[in-house]
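Visitor:
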Amino acid sequence: MLRIIYAEGFFASLKKLKNPKLVKKIEEKIAYIIDNPKAPGSQFKKVRGIKPKNMYECRLNQGDRLYLYEEYDDKGVYYIAFDVGHHDSLKKIK
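Okay, here's the thing in structure tokens:
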């Protein structure tokens, strides 16, 4: 089972969303990837060609992504959900 914690700014990103269906989709997707992170339907993958190297994304729909950082502690790997946004928003980070 995947461990996910939420960065302080994550809930601020959710509040900015104007689409209640998208918020529901995010909740469902997080529940799904916690139980099935490697399933093809999770669309959970490492972001390539970007720094930091520990960034992951989860596709929500054609344009929107859930962004997470991979971290480690004494219990193993966990992910920090830190933002939700359009996939083009990564261009600002590169």
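Using this note's numbering, you'd call the opening residue of the sequence shown number 125 and step up by one each time. Backbone N, C-alpha and C fix where the C-beta goes; we use that ideal spot for every residue, glycine too.
Mark Tyr-196 as exposed unless 16 or more other C-beta atoms lie within 10 angstroms of its C-beta, in which case mark it buried.
Guide: exposed
Visitor: Could you check how far apart the C-beta atoms of Phe-168 and Ile-150 are, in whole angstroms? I think they sit under 8 Å.
Guide: Between Phe-168 and Ile-150 a beta carbon distance of about 13 Å is seen, past the 8 Å cut, so the two are scored as non-contacting.
Visitor: For Gly-209, which option in Ala-131, Ile-128, Lys-140, Arg-127 has the closest C-alpha, if you only look at C-alpha atoms?
Guide: Lys-140
Visitor: Rounding to the nearest angstrom, what Cα-Cα distance links Lys-199 and Arg-127 in this structure?
Guide: If I take the Cα positions, the gap works out to 10 Å.
Visitor: I'd like the span of the beta strand (DSSP E) that includes Leu-138, first residue to last.
Guide: Note, Leu-138: premise wrong, no beta strand (DSSP E); alpha helix (DSSP H) at 132 to 140.
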